[in-house]
Amino acid sequence: MSGIIIGAGIGGLSTAIALKMRNIDVKIFEAANKLSPVGAGILVPPNAMIILDRYGLANKVYAAGIALDSLDVLDAKGKKISGSPACFSKNGAEYQTVAIHRGVLQSVFLDALPSDFVATGKKCTQVNTFPGGSEAVFEDGLSISGKFLVGADGLRSKVRESLFPGITLRYSGQTCWRGIANITLSSNRMKQLTEVWGAGIRFGFAPINHSQIYWYATRAEAAGGMDRKTSLKEKLLNLYREFPGPVSEIISQTDTSSIIRDDINDLSPLGSWFRQSAVLIGDAAHAATPNLGQGGAQAIEDSWVLAEKIAHCSSVQDAFEQFQATRFSKVRRIVNVSRKIGRVTNITNKKLCKIRNSVVRCTPDFLARKQSRLVYDVPY
Ligand SMILES: Cc1cc2nc3c(=O)[nH]c(=O)nc-3n(C[C@H](O)[C@H](O)[C@H](O)COP(=O)(O)OP(=O)(O)OC[C@H]3O[C@@H](n4cnc5c(N)ncnc54)[C@H](O)[C@@H]3O)c2cc1C
């Protein structure tokens, strides 16, 4: 086998698509027993859509989700703090952010691959590198060798643990609930992501189709908190009770069993993303907090650059060096900016929140546009 990918998440699947386009032989090994459409929603920003267009998938993603025009941030009373475009023009084409169910996005990726491309129930426990290749060892005793190995196994990557032991995650001081509500938004909200900022709490929502919306809610608190399923909805309704409509309605119209909770962590930038013939991509290499909605998009950008380098470089080592050199600075900026935004939305003091909101309101448009350009442009 030429290449091994560990993990069939956003990064693993998009890398498989990118390598297959270049006729490079590769197979994915995924820990889950079944690739079922789980998870809540996700925002696929313009930079990811530019790459998905190159894979022939952009129109499928537009058709399966809702294309957004803008991101509006409101204060707890519903007054606008800021508005920014959710689209970006590249080479004469306009790319919009798409809000979509994660399971639906996964299906679009899987449909682009042959059905036997992903081996499920294969939890990687160890990776060994040797001159000319890498070996993945799995929980069931199987071991597979390939010319190169891509660790796309997410935030708590086993591949990273094998290559660079001792790296720990950074807790952001923020926990996050996500869900899907069965409601239709008013027409003026159908093309936008709306975020409401309060004191140490935040609530965001966007439509993912004409009868469902994806929402997320964050709160500044210590890691390790737990919820009782029976009282979770009441807890969330109480936490976000002062927020403007339709926040309470969204929480009320969500099936409690589908609400996912995660403590938000990221990784401080690693010195290297590869060792010999094994490389990390996506969250395994550079997990960011989700405050810019860019983690999945960065995994998709990785897939393009990595496949280009593997196809065109004379050795795997060269390809990995060039991959990291091409991607490192953009990724580092996104990790840092995301973390800063997290800190700003974590402010709990009400007076400081007022100052924060005024400062954001006064931020000149050109600065917000510059920030969007740095994130949305794909310079490769
Ligand atoms: C609350 C929240 C909201 C977010 N919102 C957005 C957003 O709107 N837009 C955006 O772009 N990003 C968003 N992100 C970030 C995004 O989810 C991640 O950056 C993205 O999923 C990373 O993709 P990945 O392929 O690296 O990892 P993952 O998507 O986590 O995939 C890893 C895969 O590897 C598998 N795996 C794990 N361990 C093993 C093992 N040992 N052996 C084999 N397989 C294994 C897993 O089962 C999984 O399928 C958000 C994140 C969070 C927490």
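Under the numbering used here, think of the first position of the sequence shown as 1, with each following residue one higher.
Don't be surprised by glycine CBs; every beta carbon is placed ideally from N, CA and C.
Keep in mind that this is a model prediction, so the values were computed, not measured.
On the DSSP letters alone, give me the boundaries of the alpha helix (DSSP H) that R54 sits inside. One-based indexing of the sequence shown puts residue 54 at position 54. Residues P46 to R54.
F243 (DSSP reduced to helix, strand or coil): Numbered from its first residue, the sequence shown carries residue 243 at position 243. DSSP places F243 in coil when its eight states are reduced to three.
Where E234 falls, given that 16 or more other Cβ within 10 Å makes a residue buried: If you number the sequence shown from 1, residue 234 lands on position 234. So E234 counts as exposed.
If N265 and L193 are in contact, beta carbons under 8 Å, what's the gap, nearest whole angstrom? If you number the sequence shown from 1, residue 265 lands on position 265. If you number the sequence shown from 1, residue 193 lands on position 193. The Cβ separation is near 23 Å, so there is no contact.
Please state whether the Cβ-Cβ distance between Y55 and A99 is less than 9 Å. Counting from 1 along the sequence shown, the entry for residue 55 is found at position 55. Counting from 1 along the sequence shown, the entry for residue 99 is found at position 99. Result no, Cβ atoms of Y55 and A99 do not sit closer than 9 Å.
Within its chain, find whatever has a CB closer than 8 Å to the CB of A307; leave out the 5 residues flanking it on each side and keep chain order. Numbered from 1 along the sequence shown, position 307 holds the residue referred to as residue 307. Hits under 8 Å: T15, A18, L19, M21, R22 and I24.
Closer than 8 Å: is that where the CB of G9 sits relative to any heavy atom of ligand 1? In the sequence shown, counting from the first residue as 1, residue 9 sits at position 9. At least one heavy atom of ligand 1 lies closer than 8 Å to the C-beta of G9.
Would the C-beta of E30 count as close to ligand 1, meaning under 8 Å from any of its heavy atoms? Residue 30 sits at position 30 when you count from the first residue of the sequence shown. Because some heavy atom of ligand 1 lies under 8 Å away, the Cβ of E30 counts as near it: yes.
So which of T184, Y240 and N336 has the shortest CA-CA distance to A199? Within the sequence shown, residue 199 is the residue found at index 199, counting from 1. With distances taken between Cα atoms, A199 lies closest to Y240.
Answer yes or no: does any C-beta atom of chain C fall closer than 9 Å to that of S2? Here there is only one protein chain, and chain C is not present.
Would you say the beta carbon of K123 is closer than 8 Å to some non-hydrogen atom of ligand 1? Translated into positions along the sequence shown, residue 123 becomes position 123. It does: the Cβ of K123 is within 8 Å (strictly closer) of some heavy atom of ligand 1.
Residues near L163 in its chain [Cβ-Cβ closer than 8 Å; skip 5 each side]: As a working mapping, residue 163 is identified with position 163 in the sequence shown. Sequence-distant Cβ neighbours of L163 in its own chain, meaning closer than 8 Å and more than five residues away, are V127, T129, G151, F274, R275, A278 and L280.
Given A287 as reference, the closest of A297, K123, L267 and Q294 once Cα atoms are compared: Position 287 of the sequence shown, counted from the start, is the residue given in the question as residue 287. In this structure, L267 is the residue among A297, K123, L267 and Q294 with its C-alpha nearest to the C-alpha of A287.
Of the residues D53, K80 and A48, the one placed nearest V360, counting alpha carbons only: The residue you call residue 360 lines up with position 360 of the sequence shown. Taking the Cα of V360 as reference, the smallest distance to any Cα among D53, K80 and A48 is reached at K80.
C-alpha distance - A31 paired with L352, whole-angstrom precision: As a first step, residue 31 must be located in the sequence shown, where it is residue number 31. As a first step, residue 352 must be located in the sequence shown, where it is residue number 352. Looking at the two C-alpha atoms, the distance is approximately 44 Å.
Touch test, the stretch 294–306 against the stretch 168–183, Cβ-Cβ under 8 Å, three pairs minimum: No: the two stretches stay apart, fewer than three of their Cβ pairs being nearer than 8 Å.
From G282 to G293, what does the alpha carbon distance come to, in whole angstroms? Here residue 282 corresponds to residue number 282 of the sequence shown, with the count starting at 1. Here residue 293 corresponds to residue number 293 of the sequence shown, with the count starting at 1. When rounded, the distance between both Cα atoms is 13 Å.
First through last residue of the alpha helix (DSSP H) which encompasses S338: Mapped onto the sequence shown, residue 338 falls at position 338. Taken as a continuous stretch (DSSP letters only), the alpha helix (DSSP H) holding S338 covers V316 to T345.
Are at least three pairs of beta-carbons, each pair with one atom in the stretch 307–321 and one in the stretch 343–352, less than 8 Å apart? The stretch 307–321 vs the stretch 343–352: no contact.
Stretch-stretch touch, CB-based, cutoff 8 Å, three pairs: the stretch 60–68 with the stretch 134–154: With a cut-off of 8 Å, the stretch 134–154 and the stretch 60–68 do not count as touching, because too few Cβ pairs lie within range.
Using the three-state DSSP reduction, which class does P131 fall into: helix, strand or coil? Numbered from 1 along the sequence shown, position 131 holds the residue referred to as residue 131. In this structure, P131 counts as coil in the three-state DSSP scheme.
Going by the DSSP bridge assignment, what does G204 pair with across the sheet? The count along the sequence shown starts at 1 and reaches residue 204 at position 204. According to DSSP, which records beta bridges pairwise, G204 is partnered with E195 and Y216.
Whole-angstrom Cβ separation of I4 and A136, contact assumed at under 8 Å? Numbered from its first residue, the sequence shown carries residue 4 at position 4. Numbered from its first residue, the sequence shown carries residue 136 at position 136. With a contact defined as Cβ atoms closer than 8 Å, I4 and A136 qualify at about 5 Å.
Would you call the stretch 31–43 and the stretch 312–322 in contact, with 3 or more CB pairs under 8 Å? Verdict: no, contact absent.
Got a sec? Which residues, its chain only, sit under 8 Å from K229 by beta carbon, not counting five neighbours each side? The residue given as residue 229 occupies position 229 in the sequence shown. For K229, the CB contacts under 8 Å within the same chain, skipping 5 residues up- and downstream, are T256 and S257 in chain order.
Which complete alpha helix (DSSP H) runs does the stretch 264–317 hold, if anything under 4 residues is left out? DSSP runs (the alpha helix (DSSP H)) wholly in the stretch 264–317: 282–286 and 295–312.
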